[in-house]
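Asks:
There are 2 protein chains.
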Amino acid sequence: MDAQFKKGVLELCVLSQLKEQDRYGYELTERISKELSVTAGTLYLILKRLKDSGYVETYLMESTGGPARKYYHLTEQGENYRKNQKQEWLAFVEKAGKLI
Amino acid sequence: MDAQFKKGVLELCVLSQLKEQDRYGYELTERISKELSVTAGTLYLILKRLKDSGYVETYLMESTGGPARKYYHLTEQGENYRKNQKQEWLAFVEKAGKLI
DNA sequence: CTTACTATATTGCATTACATAATAGTATAT
DNA sequence: ATATACTATTATGTAATGCAATATAGTAAG
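Listed in order, the protein sequences are those of chains R and B. Using the working numbering, the first residue of the first sequence is number 1184, and each one after it goes up by one. Using the working numbering, the first residue of the second sequence is number 1184, and each one after it goes up by one.
Structure below.
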């Protein structure tokens, strides 16, 4: 897969996943990498960015096996951002489609 | 427009434009920026990349007003690359769509 | 008990593509 | 002459990802 295509879209994928329900980092890695082959390092960087921007909040919960899971929750601000990014993405795909 | 979305796709847009017919740099800038807001500098960088990779060839032709135009022609190798990139792009959009 | 493996989180360095801005040359119109 | 439109090019910075390494906790195997 062309790595460049992912730039910017992975963030939207994360936001969309978190809209459904809170999820922890490793879980997001598993889910998203099933479709788009992404590494953990990339995902955690995106999550840090989103947290620094106030788009997600985090809390810890114990795991059945392994270290505690850090769950990510979409804030209201994050949901607004998600909606906006989704619209931008759809518009972008349409415009690009005209040229391709 | 989110600049990140463009990563990798601009190149495909250029290739697609050149599949129809040979075009010169300034012309490509005009056409593509109508849809996707791209500057000349970015376009010429992409064109240089494509030339260095053997995906396009160039030749000069006089202009009616202004400096000579440098036309870009898609090579056979470039056309194969374009087909491949187009498929990858479509597949990517579909996969991302599942997550969004 | 110790070794190995899975689950989970984090961080550092390199690469790549795009943005922005500046430079430069030619022709035409005023 | 001067401004303006057309055309091409290059330099510097930023941002997002890839890859690889580190760290910790639990569980299973020997």
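Note that the Cβ used here is the ideal one computed from N, Cα and C, for glycine as well.
Identify, in the order they occur along the chain, each residue of the same chain with its Cβ nearer than 8 Å to the Cβ of V1221 (chain B), setting aside the five sequence neighbours on each side.
Replies: K1189, L1193, T1212 and I1215
Asks: Going by beta carbon distance, what residues of the same chain come within less than 8 Å of Y1294 (chain B), once the five residues before and after it are set aside?
Replies: Given that chain B is displayed from residue 1184 to residue 1283, the structure contains no residue 1294 (chain B) and the question cannot be resolved.
Asks: Between the stretch 1187-1221 of chain R and chain B, which residues of the former have a C-beta closer than 7 Å to a C-beta of the latter?
Replies: Q1187, F1188, K1190, G1191, V1192, L1195, C1196, S1199, Q1200, I1215, E1218 and L1219
Asks: With 16 other CB atoms within 10 Å as the buried threshold, where does S1199 (chain R) fall?
Replies: buried
Asks: Under the three-state reduction of DSSP, which class applies to Y1254 (chain R): helix, strand or coil?
Replies: Correct three-state label for Y1254 (chain R): strand.
Asks: What separation, rounded to the nearest whole angstrom, lies between the Cα atoms of W1272 (chain B) and K1278 (chain B)?
Replies: 10 Å
Asks: Would you check if the distance between the CB atom of K1269 (chain B) and the CB atom of I1283 (chain R) is smaller than 8 Å?
Replies: yes
Asks: Are the C-beta atoms of T1282 (chain R) and some chain B residue less than 8 Å apart?
Replies: The question names Thr, but residue 1282 (chain R) is Leu in the sequence shown. Chain B, which has a Cβ nearer than 8 Å to the Cβ of L1282 (chain R), makes this yes.
Asks: Answer with yes or no whether the minimum CB distance from K1266 (chain B) to chain R is below 8 Å.
Replies: no
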